[in-house]
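Worksheet: the structure to be examined is printed underneath.
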Amino acid sequence: MDHVDRCEDSLAVNRHKMRCIVTKCASQRCKDAEGSCRARYKILKYMEVDYVVIYEQGEHCMAIDAPPSPVSSPELTTEMKDYIVSKLEDAPSMVPLLAYSFMSRELTSGRIAGQAPALEKVQNSVKTWRGKNKPDRMEPVLEICRQSIQL
Numbered sequence: 015m016d017h018v019d020r021c022e023d024s025l026a027v028n029r030h031k032m033r034c035i036v037t038k039c040a041s042q043r044c045k046d047a048e049g050s051c052r053a054r055y056k057i058l059k060y061m062e063v064d065y066v067v068i069y070e071q072g073e074h075c076m077a078i079d080a081p082p083s084p085v086s087s088p089e090l091t092t093e094m095k096d097y098i099v100s101k102l103e104d105a106p107s108m109v110p111l112l113a114y115s116f117m118s119r120e121l122t123s124g125r126i127a128g129q130a131p132a133l134e135k136v137q138n139s140v141k142t143w144r145g146k147n148k149p150d151r152m153e154p155v156l157e158i159c160r161q162s163i164q165l
């Protein structure tokens with residue numbers, strides 16, 4: 015790669031850390047097609063400047079008129095997030111799997127619209143909520159002190 019032609023003089027002069035990943039096509043549609051996919055990717059990541067370059071070589075073996083790839087997993091909707099938050103506010107120590115099962119029951123019954131997302135998305139949502147809503151660990155101690163002062 016010629017950094018001078020690309021107006022990246024700082025990269026050409028200074029030594030820099032770089033990561034290189036070479037990978038084959040992992041598309042399910044190419045796997046389903048006849049033959050093996052010849053598409054290859056080379057990903058160069060420059061660590062200090064957050065600059066990524068992706069090169070593609072070869073042709074995919076999937077049919078041109080093939081339908082688009084499906085979304086891997088449905089996203090959490092605002093309604094789903096609100097439901098999870100309400101459950102966590104009622105029981106802050108609830109494990110994500112239990113919140114997921116409650117939400118799945120609501121989705122199945124039709125009280126919440128949409129498709130069930132992956133468990134990992136619910137786990138991330140619970141983790142984010144807990145990070146923003148940490149319990150006040152001194153509150154029980156302060157309550158005991160208040161009660162002893164009133165006696």
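Position one of the sequence shown corresponds to residue 15 (the numbering used here), numbered consecutively onward.
Note that CB positions come from ideal geometry on N, CA and C, so glycine has one too.
The structure presented is a predicted model; accordingly, all values stated were derived computationally and were not measured.
Can you name the start and end residues of the beta strand (DSSP E) that Gln71 belongs to? Tyr65 to Gln71
Could you check the C-alpha separation between Val67 and Gly124 for me, to the nearest Å? 45 Å
Nearest candidate by alpha-carbon position, reference Tyr69, set Asp96, Arg43 and Cys34: Cys34
Assumed close pair Gln71, Arg43 - CB separation to whole angstroms, cut-off 8 Å: So it is not a contact: roughly 19 Å between Cβ atoms.
Local Cβ density within 10 Å of Tyr114, reported as buried at 16 or more and exposed below that: buried
Counting C-beta neighbours from all protein chains within 10 Å, is the total for Ser139 16 or more, i.e. buried, or is it exposed? buried
Under 6 Å Cβ to Cβ from Met76, same chain only, skipping five residues before and after it: list those, please. Arg43, Cys44 and Ala47
Helix, strand or coil: how does DSSP classify Leu102 here? helix
For the beta strand (DSSP E) that Ile57 lies in, which residues bound it at each end? Arg54 to Tyr60
Quick check: the Cα distance between Val155 and Ile98, rounded to an integer number of angstroms? 29 Å
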